[in-house]
Structures are given as structure tokens and as C-alpha cells.
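Peer 1: Residue numbers (this note's numbering): 16 to 76. Every residue, glycine too, gets a C-beta built ideally from N, C-alpha and C. Sharing a structure here in C-alpha cells format.
As C-alpha cells, this is what we get:
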């Protein structure tokens with residue numbers, strides 16, 4: 016957790032919150048910044064839905 020905190024530029028307790036999926040404490044922009052600091056690209060695609068209502072998916076490769 017100490018190394019992760021250094022990489023993300025946060026204090027260790029914040030890593031604990033992230034690990035327990037308390038994501039409501041963070042804005043989308045901040046979560047994206049964390050991923051970028053971990054050398055991850057982020058791609059958001061908006062495509063027509065095959066059903067009546069759109070769906071949300073997260074795909075990690």
C-alpha cells in the first residue's frame with residue numbers, strides 16, 4: 016500500500032478506501048487520473064444500444 020500511495024500521490028489510508036471499493040469518495044476525474052498514473056490508457060466508447068435501454072459496461076484488458 017505504501018508503494019501504491021507513492022505512485023498515486025495519495026496517503027496510505029486512501030489506498031485502503033480504494034481497495035474496499037469505496038469509490039463514491041472519488042470523482043470520475045480523480046479515478047481516471049489514478050489509472051493514468053498507473054500507466055493505463057482510458058477509452059470511453061458510446062455506441063448504439065441493441066436493446067430498448069442502454070447499458071454500462073467496464074472492460075479491463
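Please classify residue 33 as buried or exposed, where buried requires at least 16 neighbouring CB atoms within 10 angstroms.
Peer 2: buried
Peer 1: Using CA coordinates, which residue listed in 35, 76, 37 is at the minimum distance from residue 56?
Peer 2: Across the set 35, 76, 37, the C-alpha of 76 shows the shortest separation from the C-alpha of residue 56.
Peer 1: Could you pull out every residue in the same chain whose Cβ sits closer than 8 Å to the Cβ of residue 30, ignoring the five residues on either side in sequence?
Peer 2: 16, 19, 20, 23
Peer 1: Using the Cα positions of residue 74 and residue 28, report the straight-line distance between them to the nearest angstrom.
Peer 2: 27 Å
Peer 1: Is the beta carbon of residue 53 sitting closer than 8 Å to the one on residue 46?
Peer 2: no
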